[in-house]
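Protein chains in written order, with the UniProt record's numbering: chain W, 1 to 410; chain L, 1 to 410; chain E, 1 to 410; chain G, 1 to 410.
The C-beta atom is built at its ideal place from N, Cα and C for all residues, glycine as well.
All values reported here derive from a predicted model rather than from experimental measurement.
4 protein chains.
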Amino acid sequence: MPLPAPKKVVLAYSGGLDTSIILKWLQTEYGAEVVTFTADLGQGEELAPAREKALKLGIKEENIFIDDLREEFVRDYVFPMFRANALYEGQYLLGTSIARPLIAKRQIEIARMVGADAVCHGATGKGNDQVRFELGYYALEPDIRVIAPWREWAFKSREHLLDFAEKHQIPISKDKRGEAPFSVDANLLHSSSEGKVLEDPAVEAPEFVHQRTLSPEDAPDTPTVITIGFERGDAVSVNGEAMSPATLLTALNQYGHDNGIGRLDLVENRFVGMKSRGVYETPGGTILLAAHRGIESITLDRGAMHLKDELAVKYAHLLYNGFWFSPEREMLQAAIDHSQTKVSGTVRVKLYKGNATVIGRESPNSLYDQELVTFEDGAVAYDQKDAAGFIKLNALRLRVLGKRDQRGEG
Amino acid sequence: MPLPAPKKVVLAYSGGLDTSIILKWLQTEYGAEVVTFTADLGQGEELAPAREKALKLGIKEENIFIDDLREEFVRDYVFPMFRANALYEGQYLLGTSIARPLIAKRQIEIARMVGADAVCHGATGKGNDQVRFELGYYALEPDIRVIAPWREWAFKSREHLLDFAEKHQIPISKDKRGEAPFSVDANLLHSSSEGKVLEDPAVEAPEFVHQRTLSPEDAPDTPTVITIGFERGDAVSVNGEAMSPATLLTALNQYGHDNGIGRLDLVENRFVGMKSRGVYETPGGTILLAAHRGIESITLDRGAMHLKDELAVKYAHLLYNGFWFSPEREMLQAAIDHSQTKVSGTVRVKLYKGNATVIGRESPNSLYDQELVTFEDGAVAYDQKDAAGFIKLNALRLRVLGKRDQRGEG
Amino acid sequence: MPLPAPKKVVLAYSGGLDTSIILKWLQTEYGAEVVTFTADLGQGEELAPAREKALKLGIKEENIFIDDLREEFVRDYVFPMFRANALYEGQYLLGTSIARPLIAKRQIEIARMVGADAVCHGATGKGNDQVRFELGYYALEPDIRVIAPWREWAFKSREHLLDFAEKHQIPISKDKRGEAPFSVDANLLHSSSEGKVLEDPAVEAPEFVHQRTLSPEDAPDTPTVITIGFERGDAVSVNGEAMSPATLLTALNQYGHDNGIGRLDLVENRFVGMKSRGVYETPGGTILLAAHRGIESITLDRGAMHLKDELAVKYAHLLYNGFWFSPEREMLQAAIDHSQTKVSGTVRVKLYKGNATVIGRESPNSLYDQELVTFEDGAVAYDQKDAAGFIKLNALRLRVLGKRDQRGEG
Amino acid sequence: MPLPAPKKVVLAYSGGLDTSIILKWLQTEYGAEVVTFTADLGQGEELAPAREKALKLGIKEENIFIDDLREEFVRDYVFPMFRANALYEGQYLLGTSIARPLIAKRQIEIARMVGADAVCHGATGKGNDQVRFELGYYALEPDIRVIAPWREWAFKSREHLLDFAEKHQIPISKDKRGEAPFSVDANLLHSSSEGKVLEDPAVEAPEFVHQRTLSPEDAPDTPTVITIGFERGDAVSVNGEAMSPATLLTALNQYGHDNGIGRLDLVENRFVGMKSRGVYETPGGTILLAAHRGIESITLDRGAMHLKDELAVKYAHLLYNGFWFSPEREMLQAAIDHSQTKVSGTVRVKLYKGNATVIGRESPNSLYDQELVTFEDGAVAYDQKDAAGFIKLNALRLRVLGKRDQRGEG
C-alpha cells in the first residue's frame with residue numbers, strides 16, 4: 001500500500017545542483033508544492049543565489065525560507081557539545097553531526113508554519129546524515145512524511161541525474177559534468193571532505209582537499225598566543241574582547257586557519273555499518289576543546305571530571321548516530337551542564353603550526369591550591385601521615401586477595 | 001604498639017642524593033640490612049655509579065641488585081597499556097603510572113630471594129607514586145612491611161636532610177644545596193617535571209624544563225614520514241625494520257625528540273586528592289598512540305572499538321591510581337587483548353614540529369571496504385533501501401515519545 | 001532487482017502449524033528444497049512428531065535434522081550468561097534471547113553440510129527474535145540468504161494462513177481455528193508468554209498462562225533447602241550430586257516449579273522500538289542467579305564485582321538485542337570469565353512460595369575474613385587509625401571544593 | 001603537633017549507652033561543651049528519653065537538639081535515591097547509606113547555629129558509616145574538626161568501656177553487660193543487623209535478628225493487593241489516598257512487614273576494604289522499588305531507561321561509599337531527575353509471603369501502544385518490512401567482519 005503523494009514538502013535546499021534536482025523531482029514526481037529552506041550555518045556560501053535559483057525553479061516567494069542560524073547553531077548546539085568534550089572514536093569533533101539536528105528542527109518548524117505534510121533532505125542512502133535528519137524529524141513531529149530522494153528515485157547513475165537536470169533546465173556548472181574529486185560538507189564548526197581521492201586510506205590526503213586551514217608547513221614561523229575567556233563552561237571572549245558565540249567561533253576559526261590547526265584524517269565507523277574515510281578541518285573547535293579542557297582542569301572537581309570523561313564517550317556516540325533529540329542525550333546534557341556552573345576563567349593558548357597548546361589557566365573559581373602540593377600547609381591542611389591510612393585501606397582487599405591466592409597455590 | 005624494626009629492607013635505589021639518604025636512614029634508624037635495587041627502565045642514567053655509591057655506603061656486593069628491565073617494561077607494561085589507548089583525564093599518557101608496578105614487582109621478587117622482611121621507596125607523602133608502589137607491594141606480598149621514609153622520618157626541612165647527608169658522608173653535588181627549580185621522573189616512555197617553576201598554572205612552563213624533546217619551533221622545517229608495523233595490537237617494526245619492544249620505543253623517542261612531539265602541560269587530579277601541575281614529554285608514546293589508533297581504525301570492528309573507548313576511561317583511572325595488580329585491571333586487559341588479535345598492519349605517520357599525523361594505513365585484516373562506501377556494490381552488498389527500515393525502527397521509540405509529549409501538551 | 005529464488009533452505013522447524021505452513025510456502029513459493037532443523041533445547045515437546053510431520057510434508061529423510069542441543073545450550077550459552085549475572089532492564093533473565101544464537105549457529109552448520117544457500121526462521125516482523133536469528137546467521141555466514149516469511153509473504157490475515165494450510169493438507173488442531181489466547185516460547189531456561197490476554201498491562205496475567213511454575217499460593221507450605229555447588233562460576237552439583245549442565249538446570253527447574261519460583265510479569269522495551277508485555281517463568285534460572293550471586297559474594301573481590309556490575313548492564317543489552325556473536329560480547333565475556341576462576345564453593349538456598357533466598361555460602365576460596373570484621377586482628381591486620389587517613393584523603397577534594405564554593409558565596 | 005582540644009562539639013546522640021559514653025568522654029577527655037543532636041529518622045524509638053538522659057549527663061537545655069527529620073529524610077534523600085533504582089551489589093537498597101548524609105548535614109547546621117568547632121559521631125573504625133558521616137561533614141564545612149571516638153580513645157575492650165560508664169554513672173541496662181548477640185541500625189527505610197550471630201556467612205540468620213518483618217512463613221495465606229500512585233517518579237498515594245513521603249513509606253512498611261517482604265541476607269564489600277555480612281529488612285522500600293520499576297516500564301523511553309540502568313550502578317557505589325554530597329552524585333541526580341518528569345501513574349502490587357509482584361500499571365503518559373505490538377496499525381504505523389532493513393544495517397559490520405575472518409582462515 002504505497003503512501004499517498006505528499007502535497008507540500010519542506011526541502012532542505014542549498015541552492016546547489018543536487019538539491020535543485022531534488023526540488024524539480026519533487027515537483028514532477030509527486031506534483032508537490034515545494035517549500036525551500038536554506039540555512040546559514042556558516043558554511044561560507046552566500047545565500048542570495050539560493051533564493052534566485054529557487055525562484056527560477058518556480059518556487060513562490062512565500063515558500064522560500066532563508067535563515068541565518070549561526071548564533072543559534074553555536075549557542076544551542078556547538079557549545080553544549082563542547083561542554084561535554086565530546087570526541088567520536090577518540091578524535092572526531094562531530095562537526096557534521098551537530099549541525100543536522102538544527103536543520104531538522106527548523107524544517108519541522110517551517111512545515112508547521114506553512115502547513116506542509118512532508119520534509120525532504122538531500123543526504124544519500126549510505127551515510128549518517130540521512131539518519132540524523134530523519135531521527136530529528138520523527139522525534140519532533142512523529143507523523144511527518146519523510147522523503148529521502150536518494151533512496152527513492154529511479155536514477156541509476158550520475159549521468160541520469162544530469163540528464164534530468166538538463167531536461168528541466170537546471171544550470172550545471174561545467175566542472176559538474178566531470179565528477180568532483182571529493183565531496184564537502186561545511187558549517188561554522190568544520191568542513192568535512194570525503195570520497196574519490198580520499199577513498200584509499202593508505203594514500204595520503206592531497207593538500208587540495210583542505211578548505212579551512214593552511215597546512216602546518218605553510219603556517220607562520222612564529223607562534224601566536226591568544227587568551228580565551230570562559231563563563232559557566234562556554235567561551236565568551238577572545239583576548240579580552242567579549243563576543244557572541246558565532247562571532248567567537250568565527251574568530252577562533254581564523255586563528256586556527258592561519259596556524260594550520262584542526263586537520264584530521266580519519267577512518268571512522270558509520271552508524272549505518274561501514275567504515276569510511278574523511279578529512280575534517282575544525283580549526284576553531286580544536287582550539288576551543290583544548291581551552292575548555294584547560295579551564296576545566298583548574299575549576300572542575302576530580303569526581304565531576306572523571307564522570308564527565310565516562311559520559312562523554314556515550315554522548316559522542318549518541319550525537320554521531322543522530323540521537324540529539326532523545327531523552328538519553330538530554331539526560332547526559334543535564335549531568336554535564338550541572339558540572340559547568342563554576343567553569344569560568346581564562347586560558348592562554350599558544351598556536352603554532354598545527355599545535356594548540358594550553359600554556360596558562362586562571363580562574364576565580366580555581367580548585368588548584370599551590371600550598372597543598374608543596375611542603376607548606378595549604379588552605380586545607382594536608383597531613384602526609386594520612387596517606388599511610390589511605391593506602392592501607394585501599395590495599396586491604398588486594399591483600400586479602402593476595403593471601404587467598406597464595407593459599408590456593410600452596 | 002609500634003611494629004618491630006625491619007631486619008632486611010629492599011630499597012628502590014636510584015643512586016641519587018635522596019635515596020642515598022634513605023639508605024643511610026634505614027641503617028641508622030632501624031639498624032636494618034639494606035638491599036639496593038636499581039632498575040634500568042630507560043631513564044637515561046648510567047647504572048654503574050649506583051653500584052659504586054651503594055658500595056661506598058656500606059652495602060654488601062650480594063645485596064646490590066641492578067637490573068635492565070627495559071624490555072620487560074615495554075613488552076609487559078607499556079604495550080598492554082597502549083593496546084587500551086589509555087589517556088588519563090583525556091590527555092596524559094600515564095608514563096610514570098605504568099613504571100611503578102614493575103619496580104614494585106621486582107622489589108618483591110628480590111625480597112623473596114634475599115629473605116627481606118621489608119621494602120622501601122623514596123616517593124613523597126603527597127604524590128601518587130607512594131600509592132602505586134605500595135598497592136603493588138601489598139597485592140603481591142600481602143604481609144610485607146612497607147617503609148615510606150618521607151612519611152615517617154622526623155626531618156622537618158630540606159636543610160635537615162642535607163645535614164644528615166653531610167654527617168653520614170653522602171656526597172652532595174653543589175647544585176643540590178640550592179634547590180633544584182623542578183623535579184623530574186623519567187623512564188623509557190616519558191619524562192615528567194613538576195614543582196617550583198611549574199607551580200603556578202597560569203605561567204607558561206619554561207623551555208628549560210623539557211628533557212626529551214626539541215621545542216616544535218626548534219624542530220626541522222621539513223616533515224619526516226615513518227612507517228610503523230603492528231602485530232596483534234603491538235608495534236613491531238619501524239620503517240620495515242623489526243625491532244624488540246624497547247628498541248622500537250627508543251627509536252620512536254628519537255623521532256619524537258627531533259620533531260618536537262609529545263609535550264604536555266597539564267593540571268591533573270591526583271589520587272590523593274589535590275590538583276597538581278606537570279609537564280610531560282612522551283615523544284615515542286605520542287607517536288605510538290596515534291599509530292595504534294590508526295591501525296585500529298581499519299582493523300577493529302565498530303562494536304569492539306566503541307566498547308574499548310568506554311573501557312579505556314576506567315582503565316586509565318585504574319592505572320593512574322595504582323591498581324595495575326588488581327582483578328579489575330586484569331579483567332579489562334582480558335577484554336582489550338581479546339580485541340587485538342587482528343590489529344596488524346602498517347601505519348604511516350608524518351612527524352612535523354609537534355604534530356604526529358596518521359596519513360596512511362594498510363592491513364591484510366582491513367575491514368575498510370572501498371566498494372561499500374561508494375555507489376558500487378561491495379563484498380557485502382548494500383541496499384540503500386535498507387536504510388529506510390533502519391531509520392524507521394530506530395525512530396520508532398522517539399515517535400511514540402513525541403506523540404506522548406504532544407498529547408501531554410495538548 | 002529481486003534476488004534469484006533460493007534453491008535449498010534450512011528451516012528452523014518446530015513441527016507446529018506455523019513452521020509447517022512456512023515449510024510448504026518455501027516449497028510452493030520458491031520451489032526450494034527444504035531441509036528441516038528441529039532442536040531440542042528443552043522446550044518440553046517430543047521431537048518424534050516433528051520428524052513424522054516433516055516426512056508427511058515431503059521432506060526427504062536426509063534433509064531432516066533433529067538435534068538434542070540441551071547440554072550445549074546450557075554449557076555454552078546459559079552458563080556464560082549467568083557468569084555475568086545478566087538482567088535486562090533490571091529484571092528479565094533473557095531466556096529467549098540466549099537460545100536464538102545457538103539455533104542460528106546450528107542452522108548455519110547444517111547449511112554448510114547440506115550445501116544450502118538459504119536459511120529460514122518463523123519469527124514475526126515485530127519481535128526481537130528475527131533480529132537475533134538473523135544477526136547470528138549473518139555474523140557466521142555473511143553471504144547467506146535469509147528468508148523471513150512473516151515479513152515476506154502475502155497472507156493478510158490468520159484466516160488466509162489457515163486456508164493455505166488446509167489447501168496443502170497441513171493438519172490443524174481444532175483449537176487453532178479459534179485463536180490461542182496467548183503465544184508461548186519455551187526452552188530449558190524459561191518459558192515466555194505474550195499476546196492477547198496479556199496485552200493490557202493494567203490487567204493481571206491470568207493464572208492459566210503460566211506453564212512452568214505452580215503459583216506461590218499453590219506451592220508447599222514448608223520450605224525446601226537445597227545446596228548448589230559451583231566450580232569456576234558454573235553450577236556443578238545439587239545437594240552434593242554432580243550433574244551435567246542440562247541435568248542440573250532440569251533439576252533446578254523442578255525445584256523452582258514446585259516452589260512457585262521465577263515468575264515475572266514485565267513490560268519491556270524491544271530492540272525494534274516498541275514496548276511489549278510478557279510473562280516469563282524462569283524457575284531454575286532464578287534460583288541459579290541467586291546462588292551465583294551468593295557464591296560470588298564471598299569469592300569475588302570488590303573491584304571485580306563492581307566492574308562486573310557495570311559490564312553486566314551492557315552485556316544484557318547486547319544479548320537482548322541479538323549481538324551474541326559480536327566482538328563486543330566476546331570482549332565482555334573475556335573480562336567476566338577472567339573474574340570467575342576462584343568462584344567455587346557451595347551455596348544453600350531456601351525455596352519457599354516464590355522466594356529463593358540464599359541462607360549460607362562456603363568456599364575454600366573465601367575472601368570473607370571473620371577476624372577482619374570484628375575487634376580481633378584478622379589474617380590481615382586492620383588498624384582502625386588507618387581509617388582516619390583514608391577518610392581524610394577521600395575528603396580532600398570535597399573540602400577544597402567546599403572552600404571554593406563558600407568563597408564564591410561570600 | 002596534636003590539635004588543640006575542641007571547645008564545643010555537636011554529637012550525634014541516640015540516647016543509648018554507647019553515645020552516652022561518648023558524651024561523657026568528650027567532657028572528660030577534652031573538657032568540651034557537648035551539644036547533643038538526636039534525630040527522628042523513623043528508627044522507631046522514642047526521643048523523649050534521649051532528652052532526659054542528656055540532661056542527666058549534664059547537657060544544658062539549650063544544647064539539646066531533637067529533630068523530627070522523617071519527612072525531609074524520605075522526600076530529599078530516600079525518594080531521589082529510589083528515582084535511580086539504586087541497588088548496591090545488585091541487591092542492597094542502601095538503607096543505612098542514605099541516612100548518614102542527612103544526619104551529617106543537620107549536625108553541621110547545628111554546629112553553625114551554636115558556634116561549635118567540632119562534630120562527633122559514634123560509628124566504629126571498621127565500618128562504612130564513619131566514612132559517610134565524615135565525608136558529609138567535610139564537604140559541607142571543610143574546616144570542621146571531626147572527632148571519631150572509636151578510632152581515638154584508649155579503651156581496649158568492651159569491659160573498659162563499661163567500667164568507664166559505671167564510673168560516670170551512665171545507666172547500663174542489664175542485658176548490656178552480657179553482650180548483645182548482634183547490633184542494629186534502623187531508620188524509616190530499613191533496619192540492618194550485623195555481628196556476632198551473623199558472623200559466619202555459612203550459617204543461616206536466626207529468625208530473632210529480624211526486626212521489621214514477619215517471616216514469609218508467618219505471613220498471611222492470602223495475598224494483599226495495593227495500588228501505588230506516582231507523580232514525576234515519586235510515590236504520592238496508596239490505594240488512592242494521597243500521603244506525605246514519610247507517611248507513605250510508613251504505610252508501605254506496614255504492608256511489607258505483614259507480608260514478610262524485604263528481607264535480605266547479604267555478604268557485601270565495605271568501602272574500607274573488607275567483606276561483611278548483614279541482614280537487611282526494607283519492607284516498604286522493596287515494594288517501592290518494584291512499583292517504581294513498574295511505572296517506569298510504561299512511561300520511560302528505552303533510551304532513558306537503559307542509560308539509567310548504567311548510571312544506577314555508579315550512583316549506588318557513590319551512595320554506599322558516602323559521596324552523597326559530591327559533584328558526581330549531583331550530576332547523576334540531574335540526569336536521573338530529568339528522566340522522571342513523565343513517570344506518573346498507578347501500579348498495582350500483589351503482596352504475598354515475601355513476594356511483591358507488579359500485576360498492573362496504568363498511566364496517562366504511557367508509551368505502551370497496544371496496537372503497535374499486534375497486527376493492527378498503532379498510533380505510529382509499523383511496517384514489518386522496515387525490520388528487514390533494520391536488521392541488514394545492524395548486521396552489516398558483522399558481515400564484513402565475518403568475511404574478514406573467513407578470509408583470514410582460508
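In the DSSP annotation of this structure, W/Asp337 is not part of any beta strand (DSSP E); the continuous alpha helix (DSSP H) holding it starts and ends at Pro327 to Ser339. Listed in chain order, the non-local C-beta contacts of L/Lys342 below 7 Å within the same chain comprise Thr299 and Asn365, local neighbours out to five positions each way being set aside. For G/Asn253, the enclosing alpha helix (DSSP H) has its first and last residue at Pro245 to Asp258. Residue environment: G/Gln406 is assigned as exposed (fewer than 16 neighbouring CB atoms within 10 Å of its CB, all protein chains considered).
If you keep only unbroken beta strand (DSSP E) runs of at least 3 residues inside the stretch 207-248 of chain L, you get 224-231 and 234-238. Leaving aside the five residues that flank E/Ser215 on each side, the residues in its chain whose CB is nearer than 7 Å to its CB run, in chain order, Glu207 and Gly260. Taking a beta-carbon distance threshold of 7 Å, G/Val9 does not count as an interface residue toward chain W.
When 7 Å is used as the limit between beta carbons, E/Asp185 is near no residue of chain W, the shortest such separation being about 29 Å. For G/Gly136, the uninterrupted alpha helix (DSSP H) run begins and ends at Asp129 to Leu140, by DSSP.
The beta carbon of W/Ala316 lies closer than 7 Å to those of Ala86, Leu87, Tyr88 and Leu94 in the same chain, with the five residues before and after it left out.
Residue contact check for E/Gly273 against chain L: a CB pair falls below 7 Å. DSSP places G/Glu204 outside both helix and strand once states are collapsed to three, so it counts as coil. Proximity of E/Tyr77 to chain G, defined by a Cβ-Cβ separation below 7 Å, is not satisfied. For L/Gly360 against W/Ala202, the beta-carbon gap comes to about 5 Å, under 8 Å, which counts as contact. Under the three-pair Cβ rule at 8 Å, the stretch 133-145 of chain E does not count as touching the stretch 157-167 of chain E. In this structure, L/Gly44 is the residue among L/Asn355, L/Glu29, L/Gly44 and L/Thr357 with its C-alpha nearest to the C-alpha of L/Arg212. Against L/Lys167, chain W offers no close residue; the least beta-carbon distance is about 22 Å (beta-carbon pairs closer than 7 Å).
Under the three-pair Cβ rule at 8 Å, the stretch 146-157 of chain L does not count as touching the stretch 235-246 of chain L. When C-beta distances to chain E are compared with 8 Å, the residues of the stretch 83-113 of chain G below that value are Asn85, Glu89, Gly90 and Gln91, in chain order. If you compare the alpha carbons of G/Thr36, G/Pro80 and G/Arg100 with that of G/Lys60, the shortest gap goes to G/Thr36.
Interface annotation for the stretch 313-337 of chain E against chain L: Lys314, Leu318, Phe323, Ser326, Pro327, Glu328, Arg329, Glu330, Met331, Leu332, Gln333, Ala334, Ala335, Ile336 and Asp337, criterion Cβ-Cβ distance under 9 Å. Not one beta carbon of chain E lies nearer than 7 Å to the beta carbon of G/Tyr30.
For E/Ile147, the three-state secondary structure derived from DSSP is strand.
According to the DSSP assignment, E/Gly90 belongs to no alpha helix (DSSP H), since it is labelled neither H nor E. Runs of alpha helix (DSSP H) with 4 or more residues, each lying fully within the stretch 97-131 of chain W, are found at 100-114, listed in chain order. Per DSSP, E/Arg270 has no beta-bridge partner at all.
One Cα belongs to G/Ala304, the other to L/Arg404, and the distance between them is close to 15 Å. Put simply, the CB of G/Ser363 is far from chain W, with every gap to its CB atoms at 7 Å or more. Contact annotation, E/Leu264 with E/Tyr92: C-beta distance approximately 7 Å; criterion of less than 8 Å satisfied.
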